[in-house]
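**Q** One line per chain: the protein sequences are A and B, in this order.
Under this note's numbering, the final residue of the first sequence carries the number 283; numbering is consecutive throughout.
Under this note's numbering, the final residue of the second sequence carries the number 1281; numbering is consecutive throughout.
I'd like to ask you about the structure that follows.
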Amino acid sequence: MSAVSFEGVSKIYGARVGEAAALLAAGLGKAQVLERTGCVAALHDVSLNVAAGEFFVVMGRSGSGKSTLLRAINRLVEPSAGRVRVGGTDVGALSAAQLTHFRKTGVSMVFQHFGLLPHKTVLDNVAFPLILQDVPEAAARERARVWLSRVNLQDYALAMPGALSSGMQQRVGLARALITEAPLLLMDEPFAALDPLTRMDMQDEVLRLKADFKKTVVMISHDPAEAVRLADRVAILHEGRLAQVGTLDELTARPASVDVAAFVRGFAPGVVHLRPGRSVRPR
Amino acid sequence: MFPEAYTVSFAPAVNAAIDALVANYGDGFRLAGRGVLAVIVAVEQVLRGLPWWLVIGLAAGAAYAAARRPVLAFGVAAALTLVGVLGLWDQAMQTLALMLVATAAAALLGVPLGVALARSDRASLIARPVLDAMQTLPSFVYLVPAMMLFGLGKVPALLATVIYALPPVARLTELGVRTADPEAVEAAAAFGATPRQTLWQVELPLALPSIMAGISQATMLALSMVVLAAMIGARGLGEEVLLGIQRLDVGRGLTAGLAIVLLAVVLDRITQNAVRARAAR
Chain A
1 MSAVSFEGVS KIYGARVGEA AALLAAGLGK AQVLERTGCV AALHDVSLNV AAGEFFVVMG
61 RSGSGKSTLL RAINRLVEPS AGRVRVGGTD VGALSAAQLT HFRKTGVSMV FQHFGLLPHK
121 TVLDNVAFPL ILQDVPEAAA RERARVWLSR VNLQDYALAM PGALSSGMQQ RVGLARALIT
181 EAPLLLMDEP FAALDPLTRM DMQDEVLRLK ADFKKTVVMI SHDPAEAVRL ADRVAILHEG
241 RLAQVGTLDE LTARPASVDV AAFVRGFAPG VVHLRPGRSV RPR
Chain B
1001 MFPEAYTVSF APAVNAAIDA LVANYGDGFR LAGRGVLAVI VAVEQVLRGL PWWLVIGLAA
1061 GAAYAAARRP VLAFGVAAAL TLVGVLGLWD QAMQTLALML VATAAAALLG VPLGVALARS
1121 DRASLIARPV LDAMQTLPSF VYLVPAMMLF GLGKVPALLA TVIYALPPVA RLTELGVRTA
1181 DPEAVEAAAA FGATPRQTLW QVELPLALPS IMAGISQATM LALSMVVLAA MIGARGLGEE
1241 VLLGIQRLDV GRGLTAGLAI VLLAVVLDRI TQNAVRARAA R
């Protein structure tokens, strides 16, 4: 069974959703749909599967629908059509209480600009998801300390997030996401705001933690080098549609469109830092 | 000239409505007014009952807690001592009591209002001209009916002060909640926070510097209403100013005016530094 599955998922913002969907189905682009209906088509008819334990990277230009795709998984964005399943559960069918429970235990998330609470200490930021689950404060803090040491921040427990470097802040974000022990981790361009060296350290860290704790990861990136280092499979979105999904080798060998080819160029060796035991050969 | 045939007069209808309100519900309003009066009088009795040096000490302590600067605490103590030296200590405490109650009421009403306005674009659109009106409508326009309903004295004065001081609290609360880091708010939702948990644990703490700035402004606006409050029978520094004007006693008026300024400076320094200290943290 796949960890996450999308079945014909669409998201259209605006009043005339039906009309916009029909135009999209007829093959019109985002700009034309916006001009004719005033609706913004964020995502159109995306179907794909993420396997359990997979590192799945979603790529695409700005505005291609990556962020909408990711947020449809934990329903921060409500799809206008289609079905999203996580571990067999239809996320769209959950009641408000069930959705809250699913977000507490089934899925967690890391944000581009960290999304930390500036008025709470590093320790309390990491403990925050447990506090929301009504775990007693002392127990929550104790577990937060364990997770802080796993991301090597044990010495900064009582610092405020604003006093930390951006790389350290994202480690806090990572510890906060992992503390719930949810099997599925969503990452929204988690390392885009970091400098290149810190980014590589963090990539190694995520690979290590993913292996240690057997997570399924869905990550947005627009850095091809990052995809090469991390991804088992890559999905490329273009104007809200799924352009292609597959392993790096598949995409490199048979890019389905000019746009995919543009991303594949970035996978070429020499430019990228390969993960041990992997290769991307130019053909 | 605007043609006379097209003019409409609302005055008789409004007069009739107010008369009916006074006649039918006057007792209810007076009862509510008495409750409010009891609160103001209690605060006033506490402030006037405390020894002067203790009040000065408390104010200096609050200034030091807000800013962690001994100079500021010393300045606050000196300003309040000067009020006493001017012979206006008792009047200053009366004014301070009315102001504190008015500011507390403006905060208690304004913060929830601001949260509601941040939640609903439509409510915000409707509230904006109402808040503008609260700050620009000449106070006597609603003070006269308020006096008819509540009688002379502190209660209508409090009402006028709250109406004038509430808009900045509501506006700045709305601003603070609306501009709270969207990723932090989204993160709370992503980890399963209910809207109420998100409000109390994320949005309000992030909006706190803005809310405090609103309350700080409210204290200043409340202080600017003291002379008007005196005109409808509230005692205090405003009364002194009024007496000075009425008797052409320029010195007396100016002395009371100086005491109002000193009180304003003291409150402003304490609240502003509380805002800044929170923002820096």
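For glycine and all other residues, C-beta sits at the position ideal for the given N, C-alpha and C.
In whole angstroms, what separates the C-alpha of A/L28 from that of A/F191?
**A** For A/L28 and A/F191, the distance between alpha carbons rounds to 34 angstroms.
**Q** Do you know whose CA, among A/F267, A/A51, A/Q169 and A/F55, lies nearest A/L116's CA?
**A** It is A/Q169 whose Cα lies nearest to the Cα of A/L116.
**Q** Hey, does A/L94 have any beta-carbon neighbour from chain B nearer than 8 angstroms?
**A** Judged by the 8 angstroms Cβ criterion, A/L94 is not in contact with chain B.
**Q** Taking Cβ positions only, does A/T100 come closer than 8 angstroms to chain B?
**A** Yes, A/T100 lies at the interface with chain B (some Cβ there is under 8 angstroms from its Cβ).
**Q** Which value, in whole angstroms, describes the spacing of the CA atoms of B/L1258 and A/W147?
**A** Distance between the alpha carbons of B/L1258 and A/W147 is about 59 angstroms.
**Q** State yes or no: is the beta carbon of A/P255 nearer than 8 angstroms to at least one beta carbon in chain B?
**A** Cβ-Cβ to chain B under 8 angstroms: no for A/P255.
**Q** Please decide whether A/G63 counts as near chain B, where near means a Cβ-Cβ distance under 8 angstroms.
**A** So no, A/G63 is outside the interface.
**Q** Check whether chain B comes within 8 angstroms of A/M109, counting only Cβ atoms and requiring the distance to be less than that.
**A** Yes, its Cβ sits closer than 8 angstroms to a Cβ of chain B.
**Q** For A/S149, tell me which candidate among A/D134, A/A163, A/V126 and A/P136 has the shortest Cα-Cα distance.
**A** Comparing Cα positions, the closest option is A/V126.
**Q** Determine, using beta carbons only, whether A/G115 comes closer than 8 angstroms to chain B.
**A** Interface residue, yes.
**Q** Rounded to the nearest angstrom, what separates A/D188 and A/E35 at their Cα positions?
**A** Looking at the two C-alpha atoms, the distance is approximately 29 angstroms.
**Q** Closer than 8 angstroms by beta-carbon distance: list the chain C residues that pair up with B/A1165, in chain order.
**A** Looking at the structure shown, chain C is missing, and the protein chains on hand are A and B.
**Q** Could you pull out every unbroken beta strand (DSSP E) segment of at least 3 residues lying fully inside the region 1245-1280 of chain B, listed in chain order?
**A** Whole beta strand (DSSP E) segments, 3+ residues: zero.
**Q** How about B/A1222 and B/T1103: do their beta carbons lie closer than 8 angstroms?
**A** In this structure, B/T1103 lies closer than 8 angstroms to B/A1222 by Cβ.
**Q** Helix, strand or coil: how does DSSP classify A/R85 here?
**A** Strand at A/R85.
**Q** To the nearest angstrom, how far is it from the Cα of A/K215 to the Cα of A/L184?
**A** Their backbone Cα atoms lie some 6 angstroms apart in a straight line.
**Q** How far does the beta strand (DSSP E) with A/S10 in it reach, from first residue to last?
**A** Start and end: S2 to Y13.
**Q** Do A/Q244 and A/A256 have their beta-carbon atoms positioned less than 8 angstroms apart in this structure?
**A** Their beta carbons are under 8 angstroms apart, which means A/A256 touches A/Q244 by this criterion.
**Q** Can you tell me whether A/G270 is helix, strand or coil according to DSSP?
**A** The predicted model places A/G270 with a pLDDT of 45, which falls under 50 and marks its position as unreliable; any figure quoted below should be read in that light. Here A/G270 sits in coil by DSSP.
**Q** I'd like to confirm the pairing. Which residues does DSSP put opposite B/G1192 in its beta bridges?
**A** For B/G1192, which the question treats as bridged, DSSP gives no partner whatsoever.
**Q** Determine the burial state of B/Q1045: buried for a count of at least 16 other Cβ atoms within 10 Å of its Cβ, exposed for fewer.
**A** Exposed: under 16 other Cβ atoms inside 10 Å.
**Q** If we ignore side chains and look at the alpha-carbon of each, how far apart do A/L284 and B/P1112 end up?
**A** This structure leaves residue 284 of chain A out entirely; chain A is present only between 1 and 283.
**Q** Could one say the Cβ of A/H368 lies closer than 8 angstroms to chain B's Cβ atoms, at least one of them?
**A** Look at the range of chain A in this structure, 1 to 283, and you will see that residue 368 of chain A is not part of it.
**Q** Buried or exposed: which applies to A/A211, given that a residue is buried once 16 or more other Cβ atoms fall within 10 Å of its Cβ?
**A** By the 10 Å Cβ count, A/A211 comes out exposed.
**Q** Using Cβ-Cβ distances below 9 angstroms, what residues of the region 1177-1211 of chain B are close to chain A?
**A** Result list: D1181, P1182, E1183, A1184, V1185, E1186, A1187, A1188, A1189, A1190, F1191, G1192, A1193, T1194, Q1197, Q1201, V1202, P1205, L1206 and L1208.
**Q** Which same chain residues, not among the five before or five after A/G53, have their C-beta less than 7 angstroms away from its C-beta?
**A** Excluding residues within five positions, the ones whose Cβ falls inside 7 angstroms are K214 and T216.
**Q** Assuming contact is defined by CB atoms lying nearer than 8 angstroms, are B/F1140 and B/G1033 in contact in what I supplied?
**A** Not a contact, by the Cβ cut-off of 8 angstroms.
**Q** Taking all protein chains shown into account, do 16 or more other C-beta atoms lie within 10 angstroms of the C-beta of B/G1049, making it buried, or fewer, making it exposed?
**A** So B/G1049 ends up on the exposed side.
**Q** Apply the 10 Å Cβ neighbour rule to A/S62 and answer buried if 16 or more other Cβ atoms are within range, or exposed otherwise.
**A** A/S62 is exposed by the Cβ-count criterion.
**Q** Nearest to B/L1285 by CA position, among B/R1269, B/A1116 and B/L1031, is which residue?
**A** Outside the shown range of chain B (1001 to 1281) lies residue 1285 of chain B, about which nothing can therefore be said.
**Q** Since A/V217 sits in a beta bridge, which residues does DSSP pair it with?
**A** A/F55 and A/L185, per the DSSP bridge assignment.
**Q** So which of A/G240, A/T121, A/A175 and A/A231 has the shortest CA-CA distance to A/F267?
**A** Nearest of A/G240, A/T121, A/A175 and A/A231 to A/F267, Cα basis: A/A231.
**Q** Three or more C-beta pairs closer than 8 angstroms, one from the region 1159-1175 of chain B and one from the region 1207-1226 of chain B: is that the case here?
**A** Enough Cβ pairs lie closer than 8 angstroms, so yes.
**Q** Could you tell me if A/Q203 is buried or exposed, where buried requires 16 or more neighbouring beta carbons within 10 angstroms of its beta carbon?
**A** Buried.
**Q** For B/G1153, which of helix, strand or coil comes out of DSSP?
**A** It is coil, neither helix nor strand.
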